[in-house]
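Numbering (the working numbering), first residue to last: 26 to 298.
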């Protein structure tokens, strides 16, 4: 006798099972490919966004941006500071040029013009970022910014080179351990290996270079790690300890960046105009 009850439907044939499984596999593959594409696109954007935007910005500024105003006027300096806020760096960078126009060339009478140029910005920012990366990669944000500003402060001081690349590479034509910044002549590769740390270093360098961040060192020109005691530190004034670095300046050093008028006067002296 057979068992009575609910009658079962027909079992699926092999072809039906194969089709169903292949459909699920195809769907999974599509989902995985979509996710992989999104990850690649996101990663590419994350690691290149620090390299793309400002390149177009400085390229558009190859022609000088002129700011004109009454000569010898405090209002002019305030106007220049305000209008150049997004183009000039906290350190001046040597691409500000001051000149006076003849009266015949101006409807304002005696007029002074501040010309802002962004030439050299790309290489300067990359050199500044390299110094931040190798000197302060393990430091907190303020420590990275402090190291960046030491380079910028040196660029403003006539005793040092006028570009970031020349500042960070100063000393002995790569004679080993005879450079201002040890990473440049330590015999190791100068190519960043950690993408996230490099992106952070670029962001810090850009923010400092274009003047969007205050100088936490307040004008320091030298620093050393807190675990060493170099002989030269007795010749300078100790300022602050930021992270694992101790910062110094001397009496002949530049004016603090927060005092805008001495800042521009110093730039004019450095540019020789």
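Ideal placement from N, C-alpha and C gives every residue a C-beta, glycine not left out.
Keep in mind it's a predicted model, so treat the numbers as computed, not measured.
Member of the options whose CA lies at the smallest distance from the CA of residue i
{"i": "residue 193", "options": "49, 168, 179", "result": "179"}
{"i": "residue 230", "options": "162, 49, 246", "result": "162"}
{"i": "residue 209", "options": "184, 49, 153", "result": "153"}
{"i": "residue 171", "options": "244, 258, 56", "result": "244"}
{"i": "residue 249", "options": "241, 268, 235, 238", "result": "268"}
{"i": "residue 251", "options": "147, 61, 164", "result": "164"}
{"i": "residue 255", "options": "183, 272, 181", "result": "272"}
{"i": "residue 236", "options": "186, 50, 173, 257", "result": "173"}
{"i": "residue 184", "options": "253, 55, 59, 246", "result": "246"}
{"i": "residue 175", "options": "218, 265, 211", "result": "265"}
{"i": "residue 228", "options": "58, 147, 257", "result": "147"}
{"i": "residue 241", "options": "186, 219, 166, 224", "result": "166"}
Counterpart residues of residue i in DSSP-defined beta bridges
{"i": "residue 250", "result": "270"}
{"i": "residue 263", "result": "273"}
Residue span of the alpha helix (DSSP H) that contains residue i, given as start and end
{"i": "residue 168", "result": "166 to 181"}
{"i": "residue 256", "result": "No alpha helix (DSSP H) holds residue 256; DSSP gives it neither H nor E."}
{"i": "residue 194", "result": "Looking at the DSSP string, residue 194 is not in any alpha helix (DSSP H), and its letter there is neither H nor E."}
{"i": "residue 148", "result": "146 to 161"}
{"i": "residue 231", "result": "220 to 234"}
CB-CB length for residue i against residue j, believed under 8 angstroms
{"i": "residue 177", "j": "residue 233", "result": "6 angstroms"}
{"i": "residue 226", "j": "residue 158", "result": "4 angstroms"}
{"i": "residue 160", "j": "residue 206", "result": "6 angstroms"}
{"i": "residue 196", "j": "residue 270", "result": "Contact flag wrong, Cβ pair sits at about 18 angstroms."}
{"i": "residue 215", "j": "residue 190", "result": "So it is not a contact: roughly 12 angstroms between Cβ atoms."}
Contact test: residue i Cβ vs the ligand GDP heavy atom, cutoff 7 angstroms
{"i": "residue 169", "result": "The ligand GDP is not part of this structure, which contains no ligands at all."}
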